[in-house]
Amino acid sequence: MRCTALAREMSLREVRFSDDQRRRAFGRPLDFVFYRGLSVHDASVLVTRASDHNPLLVEFSPGKPD
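Quick look at the structure:
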């Protein structure tokens with residue numbers, strides 16, 4: 234089962250990145266952030282050569298999701 238399908242079953246939402254620079258393997262992102270019961274204020278990907286994964290930064294606040 235793909236992680237996105239499992240997240241849906243658990244009523245989790247996937248954070249969307251407007252400039253999606255997540256590292257990929259076979260065309261699919263390697264990393265995800267899922268949430269429930271929060272609002273996403275900002276989501277970004279830091280591009281770096283220091284790792285085989287790009288860091289994901291997400292700013293949340295309590296409350297209803299957008």
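If you use this note's numbering, the sequence shown corresponds to residues 234 to 299, in order. Just so you know, even glycine gets a beta-carbon here, dropped at the ideal spot from N, CA and C.
Run through the DSSP bridge pairs and tell me what ALA240 is partnered with.
Note: ALA240 sits in no beta bridge, so no partner.
Reduced DSSP secondary structure (H/G/I, E/B, other) of SER294:
strand
Would you please state the rounded distance, in angstroms, between the beta carbons of ARG256 and LEU263? I believe it to be under 8 Å.
5 Å
Just how far apart, CA to CA, sit ALA283 and LEU289?
14 Å
Relative to the C-alpha of THR237, which candidate in ASP252, ARG261 and HIS286 has its C-alpha closest?
ARG261
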